[in-house]
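A short worksheet on the structure shown next.
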């Protein structure tokens, strides 16, 4: 997570070599170059202050990898969009693990990696409950709050830090969504970038109505042609050849770009990929991912 100048957190040539927290510089450098004024709030701010921390902002953007959340941060984001706020989820693997914090141990975050999920270690039997707050830990999906309920997409597949592209869907050409793609003629978008060489990569999210993707959500684009090392997350698999959705595993290896509107003029735009922000500054920000994101941000900000 170091921000030390000249330090590469991952060997990713010819990309930027940045991952996790340092890779967020792809987003804020793009915001600065495009002339967007912005403030930075931490997860701790959102947990402590709730929706009051963000209620006066027209738009809230996430960085590339907002994976860990408390009930309070999810409640704040959900309240924000229901009150008319606009959320741009510009990453992947977001809102995945439930975590707990404690005033008695400031700065500490507790996580119980139980019951499935792609994880670095597995909780032992009897250790699925948080000691900080006594609640059941693990994935938010196992706690009846899949990411799809908040942002329309949720974690579906993972591979190395290598990216592919999105292909626009037929729905994206409908008049209601032309403002999103204004100035973009290509059917394929994001086949470039400083993170893995493409906008769709590393960890991917997809839409799924059975997990809470709103009925009015539209999939604007989906990624294709991911490398052979990409795998479906364990919670989607029933056997090595079948998934709980009924679709073949390979069909679940994709990032979906989703847009939907909420109550009181709110809206959500989600990209479902950790590598997405790495494509924003590509070619000095002169590219179709940059143009698309700018179209959405300006509409959300100005309407």
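In our numbering, the protein residues as written are 5 to 307. Glycine included, C-beta positions come from ideal geometry on N, C-alpha and C. No experiment lies behind these values; they were computed from the predicted model shown.
ask   = With contact counted as at least three CB pairs below 8 Å, one residue from each stretch, are the segment 132–148 and the segment 190–199 in contact?
value = no
task = Measure the alpha-carbon distance for residue 47 versus residue 33 and round it to whole angstroms.
result = Translated into the one-based positions of the chain shown, residue 47 becomes position 43. Translated into the one-based positions of the chain shown, residue 33 becomes position 29. Cα to Cα, the separation comes out at about 20 Å.
message = With H, G and I counted as helix, E and B as strand and the rest as coil, what does DSSP make of residue 148?
response = Reading the chain shown from its first residue, position 144 is the one you call residue 148. Correct three-state label for residue 148: coil.
request  = Tell me where the beta strand (DSSP E) around residue 165 begins and ends.
outcome  = Numbered from 1 along the chain shown, position 161 holds the residue referred to as residue 165. Per DSSP, residue 165 belongs to the beta strand (DSSP E) from 158–172.
task = Could you have a look at residue 248 and say whether DSSP puts it in helix, strand or coil?
result = Walking along the chain shown from the start, residue 248 turns up at place 244. Three-state DSSP puts residue 248 in coil, outside helix and strand.
task = For the segment 287–296 and the segment 238–245, state whether three or more C-beta atom pairs, one from each stretch, are separated by less than 8 Å.
result = no
ask   = Going by beta carbon distance, what residues of the same chain come within less than 6 Å of residue 185, once the five residues before and after it are set aside?
value = On the chain shown, residue 185 is found 181 positions in, with the first residue counted as 1. Counting only Cβ-Cβ distances below 6 Å, and skipping sequence neighbours, we find nothing.
task = For residue 101, write down the residues that DSSP places opposite it in a beta bridge.
result = Stepping through the chain shown from its first residue, residue 101 is reached at position 97. DSSP output for residue 101 lists 72 and 143 as bridge partner(s).
As assigned by DSSP and simplified to three states, the class of residue 44 = For the purposes of this step, residue 44 is taken as residue 40 along the chain shown, with counting starting at 1. Coil.
inquiry  = Our contact map puts residue 204 next to residue 176 with C-beta atoms below 8 Å; I'd like the distance itself, whole angstroms only.
reply    = As a working mapping, residue 204 is identified with position 200 in the chain shown. As a working mapping, residue 176 is identified with position 172 in the chain shown. That pair is no contact at about 15 Å.
key: Chain-order list of residues whose beta-carbon lies under 6 Å from that of residue 260 (same chain, five-residue window excluded)   = The residue you call residue 260 lines up with position 256 of the chain shown. 157, 210, 211, 223, 226 and 276, listed in sequence order.
request  = Quick one: grab the DSSP three-state call for residue 202.
outcome  = On the chain shown, position 198 is the one that residue 202 refers to. Looking at residue 202 - three-state DSSP - the assignment turns out to be coil, as it is neither helix nor strand.
key: Of the listed residues 124, 96 and 53, nearest to residue 199 (C-alpha basis)   = Working through the chain shown from its first residue, we reach residue 199 at position 195. Taking only the C-alpha atoms, the option nearest residue 199 is 96.
request  = Using 10 angstroms around the beta-carbon of residue 31, count the other beta-carbons present and answer buried if the total reaches 16, otherwise exposed.
outcome  = Translated into positions along the chain shown, residue 31 becomes position 27. Buried is the call here.
First through last residue of the alpha helix (DSSP H) which encompasses residue 304 = Start at 1 with the first residue of the chain shown, and residue 304 comes out as number 300. Taken as a continuous stretch (DSSP letters only), the alpha helix (DSSP H) holding residue 304 covers 292–306.
Residue 256 - containing beta strand (DSSP E), residue span = Stepping through the chain shown from its first residue, residue 256 is reached at position 252. Residue 256 -> no beta strand (DSSP E), and no H or E assigned at all.
inquiry  = For residue 72, which residues in the same chain have their Cβ closer than 6 Å to its Cβ, ignoring the five residues on either side in sequence?
reply    = The count along the chain shown starts at 1 and reaches residue 72 at position 68. So the list reads 101 and 103, once near-sequence residues are dropped.
DSSP state of residue 61 mapped onto helix, strand, coil = As a first step, residue 61 is located in the chain shown; it is residue number 57 there, counting from the start. In this structure, residue 61 counts as coil in the three-state DSSP scheme.
message = Per DSSP, what are the beta-bridge partners of residue 210 in this structure?
response = Your numbering for residue 210 matches position 206 in the chain shown. BP columns for residue 210 point to 158.
ask   = What are the residues that DSSP puts in a beta bridge with residue 93?
value = Counting from 1 along the chain shown, the entry for residue 93 is found at position 89. Note: residue 93 sits in a beta bridge opposite 66 and 274.
request  = From the DSSP output, in three-state form, read off residue 225 for me.
outcome  = Sequence index remark: in the chain shown, residue 225 carries index 221 (1-based). Reduced to three states, the DSSP call for residue 225 is strand.
ask   = How many Å lie between residue 153 and residue 207 at the Cα?
value = Within the chain shown, numbered from 1, the residue matching residue 153 stands at position 149. Within the chain shown, numbered from 1, the residue matching residue 207 stands at position 203. Each residue's Cα considered, the two are about 19 Å apart.
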